[in-house]
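Down below is the structure, laid out as structure tokens.
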Amino acid sequence: MPEEAKWYVVHTYSGYENKVASNLEKTVENRNLHDLIPEIRVPTETVTEIKDNKKREVERKIFPGYVLVKMILTDESWYVVRNIRGCTGFVGPSSKPIPLTDEEVAKLGVETRQVEVSYGVGDSVHITGGPLEGFVGTVTEIDSEKNRVRVTVSMFGRETPVDLELDQAEAVD
Numbered sequence: 786m787p788e789e790a791k792w793y794v795v796h797t798y799s800g801y802e803n804k805v806a807s808n809l810e811k812t813v814e815n816r817n818l819h820d821l822i823p824e825i826r827v828p829t830e831t832v833t834e835i836k837d838n839k840k841r842e843v844e845r846k847i848f849p850g851y852v853l854v855k856m857i858l859t860d861e862s863w864y865v866v867r868n869i870r871g872c873t874g875f876v877g878p879s880s881k882p883i884p885l886t887d888e889e890v891a892k893l894g895v896e897t898r899q900v901e902v903s904y905g906v907g908d909s910v911h912i913t914g915g916p917l918e919g920f921v922g923t924v925t926e927i928d929s930e931k932n933r934v935r936v937t938v939s940m941f942g943r944e945t946p947v948d949l950e951l952d953q954a955e956a957v958d
């Protein structure tokens, strides 16, 4: 039995995503399957809608008709998820669900990884990735929620701002 839970995509009837997720959470609670199915998510985003000259924030589903389930795939966990009312099955070939790859999980933003950085605003950093790899610049802005850092690099006598991921820069000793 694999010891690490992986993310799977479950197809549901349109509009039943939250119902399927809550029913699945109740079933996991009742059958005490927290070790097999630790997490269930309906990916949503907050969007500002302007209607009749009024702004309001609305939560929208990113993937209507789909629920993401982190689970260890066993016959029992497959059966539990497959038999939730409103669920039409797993995404993948009919006989075997396919887990999301690590790259897909990162792109979907399902799991957020915190990157610890050893530099701050005003520090000199060495660029370790991207088109300006090998250059040295000064950090002007850090956005840890978006995993981005803005570095100003001096090229051809001009200051050029560069946006990088947090792990593409490291502090100069």
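Residue numbering for the sequence shown follows the numbering used here, starting at 786 and increasing by one per position.
By construction, the Cβ of each residue, glycine as well, lies at the ideal position given by its N, Cα and C atoms.
For clarity, every value in this text was computed on a predicted model and none was experimentally measured.
Hey, would you say the C-beta of Ser879 is under 8 Å away from at least one heavy atom of the ligand COA? Among the components of this structure there are no ligands whatsoever, and the ligand COA is therefore not found.
If you reduce the DSSP assignment to three classes, tell me which class Thr812 lands in. Thr812 falls in the helix class under three-state DSSP.
Member of Glu918, Val938 and Glu950 whose CA lies at the smallest distance from the CA of Glu930: Ranking the options by Cα distance to Glu930, first place goes to Glu950.
Restricting to Cα atoms, I'd like to know which of Ile927, Glu824, Asp958 and Thr886 is closest to Val902. When only C-alpha atoms are compared, the closest one is Ile927.
Other residues of its chain near Val957: CB distance less than 7 Å, five sequence neighbours each side excluded: So the list reads Ser909, Val910, His911 and Val921, once near-sequence residues are dropped.
For Lys804, which residues in the same chain have their Cβ closer than 7 Å to its Cβ, ignoring the five residues on either side in sequence? These residues qualify, in order along the chain: Gly871.
In chain order, what are the residue ranges of uninterrupted beta strand (DSSP E) at least 3 long that sit wholly in the stretch 797-841? DSSP runs (the beta strand (DSSP E)) wholly in the stretch 797-841: 824-826 and 829-836.
Should Lys875 go down as buried or exposed, given a rule of 16 or more other Cβ atoms within 10 Å for buried? This sequence places Phe at residue 875; Lys is not what is there. Buried, by the Cβ-count rule.
Given a cut-off of 9 Å, decide if Val827 and Val852 are closer than it, judged by their beta-carbon atoms. Yes, Cβ-Cβ distance for Val852 and Val827 is below 9 Å.
So Lys846 and Thr829 are supposed to be a Cβ contact under 8 Å. How far apart are they, rounded? Contact between Lys846 and Thr829 holds: their C-beta atoms lie close to 6 Å from each other, under 8 Å.
Proximity below 9 Å, CB of Glu861 to CB of Leu821: Yes. Within cutoff.
Write down the C-beta distance between Gly905 and Thr923 rounded to the nearest angstrom, noting that I regard them as a contact closer than 8 Å. Actually they are not in contact, since the Cβ atoms of Gly905 and Thr923 sit about 11 Å apart, beyond 8 Å.
Provide the residue(s) that pair with Phe875 in DSSP beta bridges, ordered along the chain. DSSP lists Val795 as partners of Phe875.
Going by DSSP, which residues form a beta bridge with Glu944? Answer is Ser939.
Expressed to the nearest angstrom, what Euclidean distance is found between the alpha-carbon atoms of Gly942 and Gly914? Gly942 and Gly914 have their C-alpha atoms some 22 Å from each other.
Between Arg867 and Ser879, what straight-line distance do the alpha-carbon atoms span, to the nearest angstrom? If you take the alpha carbons of Arg867 and Ser879, they lie about 11 Å apart.
Helix, strand or coil for Arg845 per DSSP? Arg845 sits in a strand when the DSSP states are folded into three classes.
In whole angstroms, what separates the C-alpha of Asp952 from that of Arg935? Looking at the two C-alpha atoms, the distance is approximately 12 Å.
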